[in-house]
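Everything below concerns the one structure shown next.
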Amino acid sequence: MPAEGMEPIAVEPSIGVALPVGDPAFTVDLPVFEGPLQLLLHLIESRQLDVLTVPLAEVADGYVAHLAHHPVDAENLSEFVAIAAQLIYLKSRRILPAEPLPPMPDAADEPDEEELRRRLLEYRALRDASIELGARDGVAPAMRREPREADLPEARSELLPVAVLVGALEALASIPEPVAAPPQIVAREITIGQQIEVLRAAMSRGGRVLLQTILARCQSRTEAAVTLLATLELIRRRQVRAEQGDIFGPILIEGVEGVEGGAAE
Amino acid sequence: MSDDLEVYFEALLFIAERPLSTAELATLADRPRPEAEAALASLAASLDGDERGLRVQRHDDAWQLVTAPEVGARLATYAAREEARLSPAALEALAVIAYRQPCTRGDVERVRGVDSDYVIRSLLHRRLIVETGRRDTPGRPVLFGTSFTFLERFGLTSIEDLPPLSTDAAQLAALADRADGD
Amino acid sequence: MSDDLEVYFEALLFIAERPLSTAELATLADRPRPEAEAALASLAASLDGDERGLRVQRHDDAWQLVTAPEVGARLATYAAREEARLSPAALEALAVIAYRQPCTRGDVERVRGVDSDYVIRSLLHRRLIVETGRRDTPGRPVLFGTSFTFLERFGLTSIEDLPPLSTDAAQLAALADRADGD
Chain U
33 MPAEGMEPIA
43 VEPSIGVALP
53 VGDPAFTVDL
63 PVFEGPLQLL
73 LHLIESRQLD
83 VLTVPLAEVA
93 DGYVAHLAHH
103 PVDAENLSEF
113 VAIAAQLIYL
123 KSRRILPAEP
133 LPPMPDAADE
143 PDEEELRRRL
153 LEYRALRDAS
163 IELGARDGVA
173 PAMRREPREA
183 DLPEARSELL
193 PVAVLVGALE
203 ALASIPEPVA
213 APPQIVAREI
223 TIGQQIEVLR
233 AAMSRGGRVL
243 LQTILARCQS
253 RTEAAVTLLA
263 TLELIRRRQV
273 RAEQGDIFGP
283 ILIEGVEGVE
293 GGAAE
Chain B
1166 MSDDLEVYFE
1176 ALLFIAERPL
1186 STAELATLAD
1196 RPRPEAEAAL
1206 ASLAASLDGD
1216 ERGLRVQRHD
1226 DAWQLVTAPE
1236 VGARLATYAA
1246 REEARLSPAA
1256 LEALAVIAYR
1266 QPCTRGDVER
1276 VRGVDSDYVI
1286 RSLLHRRLIV
1296 ETGRRDTPGR
1306 PVLFGTSFTF
1316 LERFGLTSIE
1326 DLPPLSTDAA
1336 QLAALADRAD
1346 GD
Chain H
1166 MSDDLEVYFE
1176 ALLFIAERPL
1186 STAELATLAD
1196 RPRPEAEAAL
1206 ASLAASLDGD
1216 ERGLRVQRHD
1226 DAWQLVTAPE
1236 VGARLATYAA
1246 REEARLSPAA
1256 LEALAVIAYR
1266 QPCTRGDVER
1276 VRGVDSDYVI
1286 RSLLHRRLIV
1296 ETGRRDTPGR
1306 PVLFGTSFTF
1316 LERFGLTSIE
1326 DLPPLSTDAA
1336 QLAALADRAD
1346 GD
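One line per chain: the protein sequences are U, B and H, in this order. Read left to right, the first sequence gives residues 33 to 297 (the working numbering). Read left to right, the second sequence gives residues 1166 to 1347 (the working numbering). Read left to right, the third sequence gives residues 1166 to 1347 (the working numbering).
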């Protein structure tokens, strides 16, 4: 069974680090989701929830669990992570109504549930249409009559310029060749679990750390996004607290007293 | 059918080895364009209404004669055509382009939520979509639309024949209205 | 016309690349021969009676769809224009064969990236290409080369007169050289 049966979820630090993504025993029954909307829709539909009304925060856990435990299309990992961040934000807003999260630096980045829902609905309509198209792919084609000499009445033939032959090959050469298909699954080197470990290690000296310090060490956008996600996850578990004096200012991550890392699990 | 022009156009589309535009057909018939267009529409309607084995296919102001979709399945057996099926990802991108044409790669990626460069190239390569121009926005991105090959493969006489999008379209509109009202 | 069999036969004759015999048509439709013959006669009569642009022609027990004689003269205008003009698909295939002859259908398809069966047949019908033999690989595929008509139409004295290709186009055409047995 896919991960959505595993609620309530927690992203386990150990998972992912040694996750055998290429192991056939692990991937056998799981669809590999190509995009985040596909995964989100799958989670909603497999629980028979109504896309129009379900609070999207309700599927946040299932989504993050899936991302942490199962292979997704590696090419689009940052898109998956971006939606994960939105969902976790929506969820934390529901959990902590009295304590609003600090505003996003850019208002346009503020996760908008209705906008996400609108995208889901649009995606679903076109995905359904694509399934319908697929069902009639080549099944009952409307066929053209290919030309044959007998059709054309006799006509005086004129000289043709040789340039048209060269032109035909040039035009053909200019059609973009599809590049080799990206591999479906590659090992993920950065996981939320790993980054949680990174954050904990950083906090182990003095119990607090500047998020910007950690982000500055990240090698890629994906790594930074996953680190941010790991931070949100720790906040969600109430294992850390985040403080930011002003917009764009440093974000201080501080361990919550009495909660030993990992003890909550 | 007794209209002279329809008779001529039916024969012309029969021997033509490519779709003919309304303008070309009007020139060949030496008639004004609106008259040619009316005759073509009437030919299309009469082939459809008489339940004949042939149909007029229209796309982007060009016309061609094809077999009727009702007999397509039996003909496909006869012609023993084998074409590689399209992947779900390619079908998704194709659906976005078919329903939203003309549209850009960015439009497709926005709807699908994923990079779609590869699938769009493969659709171009299969001639199922064609570049139709450029959008007049910064960067002037290329616009794509479906081709006659698309109509043939899916047994459609025109893109108006595409099944309507599920009720979600209406729901989307409702959502948009709600958002606008805010 | 609403008879199922007539609809099927009209479509079948439309796409068939040669006249079909009554026996073949009966087999394809999986109906007894007299029934097939009656449907064909009825199709012929209805096309004739409705004054359509097409007719069913019967010659020695073989059937084909042709244009109506009334429009023959007017179609010649189109034919003359068209003779001077090869479709983009036909030009592509012809160019590949001209530069890489002798080559097989598989070679042409490798370069064009799409099925080229019909287009090669159309070049054969126009006598622009001829079969020159068979390649000594599994399946022994037919080899094609350009014809004398080809040289005439393009005003060449020999195929050595073909202009050189740009690097891109030459590389593309070179794909046809990969004789890996179709």
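Every residue gets a Cβ at the ideal spot worked out from N, C-alpha and C, and that includes glycine.
Here H:V1221 is bridged, per DSSP, to H:L1230. Between the stretch 153-167 of chain U and the stretch 1288-1299 of chain H, the count of C-beta pairs closer than 8 Å stays below three; the two stretches do not touch.
Across the set H:A1238, H:D1215, H:R1198, the C-alpha of H:R1198 shows the shortest separation from the C-alpha of H:D1226. Spanning the alpha carbons of U:E146 and B:L1185 requires a straight line of approximately 46 Å. Listed in chain order, the alpha helix (DSSP H) elements of length 4 or more contained wholly in the stretch 1257-1295 of chain H are 1270-1277, 1282-1290. For H:T1192, the enclosing alpha helix (DSSP H) stretches over residues 1187-1194.
Using a Cβ distance threshold of 8 Å, H:V1261 and H:V1273 count as a contacting pair.
For U:V272, the enclosing beta strand (DSSP E) begins and ends at 272-276. Two segments are said to touch when three or more pairs of C-beta atoms, one from each, lie closer than 8 Å; by this definition the stretch 1249-1268 of chain B does not touch the stretch 1231-1241 of chain B. A residue is called buried when at least 16 other Cβ atoms come within 10 angstroms of its Cβ; U:H101 meets this threshold and is buried.
Separation of B:A1188 and H:L1193 (C-alpha to C-alpha, rounded to the nearest whole angstrom) is 39 Å. Here the alpha carbon of H:V1236 sits roughly 14 Å from the alpha carbon of B:L1190. CA-CA distance, B:G1214 to H:E1216, rounds to 16 Å. In the structure shown, U:I224 falls within a helical segment according to DSSP collapsed to helix, strand and coil. Boundaries around B:V1307 are those of the beta strand (DSSP E), 1307-1311, since no alpha helix (DSSP H) includes it. Apart from sequence neighbours up to five positions away, the residues of its chain that approach H:R1292 with a beta-carbon distance below 7 Å are S1312, T1314, ordered along the chain. Less than 8 Å divides the Cβ of B:I1180 from the Cβ of H:T1232. U:I267 sits away from U:A256, with the two beta carbons spaced by 8 Å or more. For U:S124, same chain residues with a beta-carbon under 8 Å away, outside a window of 5 residues either side, are L133, L264, I267, R268 in chain order. In terms of Cβ geometry, H:Y1173 and B:G1218 form a close pair [threshold 8 Å]. Counted as a single uninterrupted DSSP element, the alpha helix (DSSP H) harbouring U:G94 occupies residues 92-101.
Around U:I222, the same chain offers T254, E255, V258 as residues with beta carbons nearer than 7 Å, after the five sequence neighbours per side are excluded. When the beta-carbon positions are compared, U:M175 and B:E1317 come within less than 8 Å of each other.
Collapsing the DSSP output to three states places B:T1302 in coil. In the three-state scheme derived from DSSP, where H, G and I count as helix and E and B as strand, B:F1179 is classed as helix.
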